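Enquirer:
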Amino acid sequence: KLIHPYLDLKLEYYDLGVEHRDATNDQVTVDSANAIKKYGVGVKCATITPDEQRVEEFKLKKMWKSPNGTIRNILGGTIFREPIIMKNVPRLVPGWTKPIIVGRHAFGDQYRATDFRFPGKGKLTIKFVGEDGTVIEHDVYDAPGAGVAMAMYNLDESIREFARASLNYGLLRNYPVYLSTKNTILKAYDGRFKDIFQEVYEAEFEAEFKSKKLWYEHRLIDD
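UniProt numbering puts the sequence shown at residues 1 to 223.
#1: Given R91, which residues of its chain have a CB within under 8 Å of its CB, disregarding the five upstream and five downstream residues?
#2: Considering only the beta carbon of each residue, do A149 and L124 sit closer than 8 Å?
#3: Hey, could you find the ends of the beta strand (DSSP E) D115 is sitting in?
#4: So what does DSSP say about residue 298, is it helix, strand or coil?
#5: What three-state label does DSSP hand I222 in the structure shown?
#6: Run the CB neighbour count on H105, radius 10 Å, all protein chains shown included, and call it buried at 16 or more, exposed below.
#7: Hey, out of V135, C45, L11, whose CA is closest to Y39's CA?
#8: Would you check if the distance between the CB atom of Y175 and the CB atom of I74 is smaller than 8 Å?
#9: Report, in whole angstroms, the separation of the C-beta atoms of A163 and V200, which I expect to be a contact under 8 Å.
#10: Could you tell me the distance, in whole angstroms, from the CA atom of L7 to the CA atom of K1?
#11: Using the DSSP secondary-structure output, state which residues sit across from I79 in a beta bridge.
#12: Excluding the 5 residues flanking R173 on each side, which residues of the same chain have their C-beta closer than 8 Å to its C-beta?
#13: So what does L124 bridge to, in DSSP terms?
#14: Counting Cβ pairs, one atom from each stretch, are 3 or more of them under 8 Å apart for the stretch 131-151 and the stretch 203-216?
#15: Quick one: give me the first and last residue of the beta strand (DSSP E) that V148 is part of.
#16: Note down, one range per segment and in chain order, each alpha helix (DSSP H) of at least 4 residues found wholly within the stretch 23-96.
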């Protein structure tokens, strides 16, 4: 009643309710993401990411992954979150006259991680096998007892697109851009983000940033 009387639109609907996702083995989530790619726009309502209690409550086949994560991984890109500043809404910090916009990478990481529990004492390893037969294997931990483990990943090309999206948005809004990582601890993982952002900035954006008196900097997350 809020849209149809005013706009002549053909709307495609996808039921992302947890029971329908379960009935379709989550294919409906994939279909909705591909529809957004096709049409260039989409509006998503709140959804349930099931935990153990929800699996039991709705009698689900399995503990399905976050639909937000599935959609983001298909679409790629960056999620930008920005506070809405209005004159009649008091701000917690009155001196802030412009919003701090937070951009978050939409691919991989926790939303595509594999996590599991292990039952007792043993060795935890991680292994990569390349198409050419190259094997990279690391001993992660000699566990003295039961615990949990997680493996996650990202891709160079996706990180580059994240960098371009962030830097382009900075130019669009006329704001400086800061990348925040914990590369002192995650030397390979966060370090790759740091290196690729710097490469993309210097090769594609530095001149325009300087011409607008803007800047890009990397900072430690707890700087």
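Note that CB positions come from ideal geometry on N, CA and C, so glycine has one too.
No experiment lies behind these values; they were computed from the predicted model shown.
Expert: To lay it out plainly:
#1: In the sequence shown, the residue the question calls residue 91 occupies position 91. Excluding residues within five positions, the ones whose Cβ falls inside 8 Å are I85.
#2: The count along the sequence shown starts at 1 and reaches residue 149 at position 149. The count along the sequence shown starts at 1 and reaches residue 124 at position 124. Closer than 8 Å, so yes.
#3: Here residue 115 refers to the residue found at position 115 when the sequence shown is read from its first residue. Judged by DSSP secondary structure, D115 falls within the beta strand (DSSP E) whose first and last residues are 114-118.
#4: Examination of residue 298 is not possible in this model, given that the chain is present from 1 through 223 alone.
#5: The residue given as residue 222 occupies position 222 in the sequence shown. What sits at residue 222 in the sequence shown is Asp, not Ile. Looking at D222 - three-state DSSP - the assignment turns out to be coil, as it is neither helix nor strand.
#6: For the purposes of this step, residue 105 is taken as the residue at position 105 of the sequence shown. Buried, because 16 or more other Cβ atoms sit within 10 Å of the Cβ of H105.
#7: As a first step, residue 39 must be located in the sequence shown, where it is residue number 39. It is L11 whose Cα lies nearest to the Cα of Y39.
#8: Numbered from its first residue, the sequence shown carries residue 175 at position 175. Numbered from its first residue, the sequence shown carries residue 74 at position 74. No; because the gap between Cβ atoms is not below 8 Å, this pair is not in contact.
#9: On the sequence shown, position 163 is the one that residue 163 refers to. On the sequence shown, position 200 is the one that residue 200 refers to. Right, the Cβ-Cβ distance comes to about 4 Å (below 8 Å), so this counts as a contact.
#10: To locate residue 7, count along the sequence shown from 1; it is residue 7. To locate residue 1, count along the sequence shown from 1; it is residue 1. Answer to the nearest angstrom: the Cα atoms are 11 Å apart.
#11: Counting from 1 along the sequence shown, the entry for residue 79 is found at position 79. For I79, DSSP records a beta bridge to R104.
#12: Taking the sequence shown and counting its residues from 1, the one referred to as residue 173 is at position 173. So the qualifying residues of the chain are I101.
#13: Within the sequence shown, residue 124 is the residue found at index 124, counting from 1. Answer is Y141.
#14: The stretch 131-151, when compared against the stretch 203-216, does not touch it at the 8 Å Cβ threshold.
#15: Here residue 148 corresponds to residue number 148 of the sequence shown, with the count starting at 1. Run containing V148: 147-151, per the beta strand (DSSP E) assignment.
#16: Considered as a whole, the stretch 23-96 harbours 27-39, 52-58, 67-75 as its complete alpha helix (DSSP H) runs of no fewer than 4 residues, in chain order.
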